[in-house]
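Novice: Here it is, the structure in full.
Number of protein chains: 2
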Amino acid sequence: MAKKTVDKSIITEEDLYDLADLFKAFSDTTRIKLLYALMEGELCVAELVEKTGATQSAVSHQLRGLKQMDLIRCRKEGKQVIYFLADDHVHTILQMGMDHVKE
Amino acid sequence: MAKKTVDKSIITEEDLYDLADLFKAFSDTTRIKLLYALMEGELCVAELVEKTGATQSAVSHQLRGLKQMDLIRCRKEGKQVIYFLADDHVHTILQMGMDHVKE
DNA sequence: TGAACATATGAATATCTGTTCATATGTTAG
DNA sequence: CTAACATATGAACAGATATTCATATGTTCA
Numbered sequence: 001m002a003k004k005t006v007d008k009s010i011i012t013e014e015d016l017y018d019l020a021d022l023f024k025a026f027s028d029t030t031r032i033k034l035l036y037a038l039m040e041g042e043l044c045v046a047e048l049v050e051k052t053g054a055t056q057s058a059v060s061h062q063l064r065g066l067k068q069m070d071l072i073r074c075r076k077e078g079k080q081v082i083y084f085l086a087d088d089h090v091h092t093i094l095q096m097g098m099d100h101v102k103e
Numbered sequence: 104m105a106k107k108t109v110d111k112s113i114i115t116e117e118d119l120y121d122l123a124d125l126f127k128a129f130s131d132t133t134r135i136k137l138l139y140a141l142m143e144g145e146l147c148v149a150e151l152v153e154k155t156g157a158t159q160s161a162v163s164h165q166l167r168g169l170k171q172m173d174l175i176r177c178r179k180e181g182k183q184v185i186y187f188l189a190d191d192h193v194h195t196i197l198q199m200g201m202d203h204v205k206e
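Protein sequence lines, in the order shown, are assigned to chains F and R.
Residue numbers are given in the working numbering: position 1 of the first sequence equals residue 1, and the series is strictly consecutive.
To get the working numbering, take the position in the second sequence, counting from 1, and add 103.
Here's what the structure looks like:
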C-alpha cells in the first residue's frame, strides 16, 4: 500500500514547476561542480572556489541558490562557512544522471 | 566488482557538461509536461499540444530539443508524427525527481 | 492536381540566468 | 579598535533560452 512510487493522478501543475526547478538546480556546470565536490564531504567556500575554478563571487551566488532549494546547508565556523549536502537525494540524483550520461 | 555506481575518479570535465545538459532538458515546464505526458504512452504532436497547453510551434521546437538529446524518439504514421520516450531512464529520472519534490 | 491537414522551421523578440565588479558584512587576531 | 581575512550581496552586463509569428514542408484524399 505504502509504495515509494508517486501516484500520477495527484500531480498538480505546481508539482511540475517544482520539478522543473529541481532539475534547473542541476543544469549548470558551476552548480554541478559544487555539488559534486560536496559529495566527498563538507567544504568551506574558499575550498569550493578552488575546486570549481569559479570566482568567489560566482560561487557565493550559486551557493545561495542551492541553499534556497535546500539542496545544501551550511554552518558557520569562525570566519568560515562550511557547506554540505542537505541529504542523500542529491547524491542519488547526480549518480543517476551520471549513469545515464555514461550510457 | 561490476557495481552499478560510477567511479568518481574517471569523471571528466566533459562529463560534467553532459550532465548539466541532461538536467537542463528537464528544467523547463513545457518539456517536463511533454515528458510527463509521454510517460503514459506515445502521443502525436497534436495530442501533446493539447496536454501541455503550449503552442503547436513551441511544442515542436521543444520536441526537437528532446529528440536531439535522445530522450524521446518518433516515428511517422501518415500525416502524424508519434513521439515516445527513448528509454526507461527518463521515466526513472522523472520519478525520482518527483519523489524528491513530494518530500 | 489541389485543398486540407499535421508538423517543422527560421527569424525576431522578450525574458531569464550566470558572471563580473565593486563593495558590504561579519569575524578573528593583534 | 583596527587590520586582515572570509564570505555575501547588489547592480550591470552578456549570453542563453523559450515563445511567437509567419511560413515552409510533407502527407492524404477527393
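All C-beta atoms, glycine included, are put in the ideal place defined by N, C-alpha and C.
As the structure is a prediction and not an experimental result, all values here were calculated from the model.
Would you list the one or two residues that DSSP bridges to R/Glu143?
Specialist: Taking the second sequence and counting its residues from 1, the one referred to as residue 143 of chain R is at position 40. BP columns for R/Glu143 are empty, so no partner.
Novice: Mind listing the chain R neighbours of F/Ile32? Cutoff is C-beta to C-beta under 7 Å, in chain order.
Specialist: For the purposes of this step, residue 32 of chain F is taken as the residue at position 32 of the first sequence. Within 7 Å Cβ-Cβ: Leu119, Leu122 and Ala123.
Novice: Which of the three DSSP states, helix, strand or coil, is assigned to R/Ile185?
Specialist: Numbered from 1 along the second sequence, position 82 holds the residue referred to as residue 185 of chain R. R/Ile185: strand per DSSP, three-state reduction.
Novice: Determine, using beta-carbon pairs with one atom in the segment 123-130 of chain R and one in the segment 27-40 of chain F, whether at least three such pairs fall under 8 Å.
Specialist: With a cut-off of 8 Å, the segment 27-40 of chain F and the segment 123-130 of chain R count as touching, because enough Cβ pairs lie within range.
Novice: Please name the residues in the segment 164-175 of chain R whose beta-carbon is closer than 7 Å to at least one beta-carbon of chain F, in chain order.
Specialist: Of all residues in the segment 164-175 of chain R, none has a Cβ within less than 7 Å of some Cβ in chain F.
Novice: Is R/Ile196 near F/Met96, with beta carbons less than 9 Å apart?
Specialist: Here residue 196 of chain R corresponds to residue number 93 of the second sequence, with the count starting at 1. Here residue 96 of chain F corresponds to residue number 96 of the first sequence, with the count starting at 1. Yes, they are a contact pair.
Novice: At a CB-CB cut-off below 7 Å, which residues of chain F make contact with R/Asp131?
Specialist: As a position in the second sequence, residue 131 of chain R is number 28, starting the count at 1. Neighbours of R/Asp131 on chain F, chain order: Ala20.
Novice: Using only the alpha-carbon positions, how far apart do R/Glu206 and F/Asp87 sit?
Specialist: For the purposes of this step, residue 206 of chain R is identified with residue 103 of the second sequence, where counting begins at 1. For the purposes of this step, residue 87 of chain F is identified with residue 87 of the first sequence, where counting begins at 1. Going from the Cα of R/Glu206 to the Cα of F/Asp87 covers about 12 Å.
Novice: Give the C-beta separation of R/Lys170 and F/Ser27 to the nearest angstrom, bearing in mind that I take them to be a contact with Cβ-Cβ under 8 Å.
Specialist: Position 67 of the second sequence, counted from the first residue, corresponds to residue 170 of chain R. Position 27 of the first sequence, counted from the first residue, corresponds to residue 27 of chain F. Going by Cβ atoms, the distance from R/Lys170 to F/Ser27 rounds to 18 Å, so no, they are not a contact pair.
Novice: Using 9 Å as the limit for Cβ to Cβ distance, is R/Phe187 near chain F?
Specialist: Position 84 of the second sequence holds residue 187 of chain R. R/Phe187 does not count as touching chain F.
Novice: Kindly indicate which three-state DSSP category R/Ile175 falls into: helix, strand or coil?
Specialist: Translated into the one-based positions of the second sequence, residue 175 of chain R becomes position 72. Correct three-state label for R/Ile175: strand.
Novice: Who are the near neighbours of R/Ile185 in its chain, counting only those whose CB is closer than 8 Å to its CB and skipping five residues on each side?
Specialist: Position 82 of the second sequence, counted from the start, is the residue given in the question as residue 185 of chain R. Contacts found: Glu145, Leu146, Cys147, Cys177, Arg178 and Lys179.
Novice: Note down, in chain order, every chain F residue with its Cβ under 9 Å from the Cβ of R/Lys127.
Specialist: For the purposes of this step, residue 127 of chain R is taken as the residue at position 24 of the second sequence. Here the neighbours are Phe23, Lys24, Phe26, Ser27 and Asp28.
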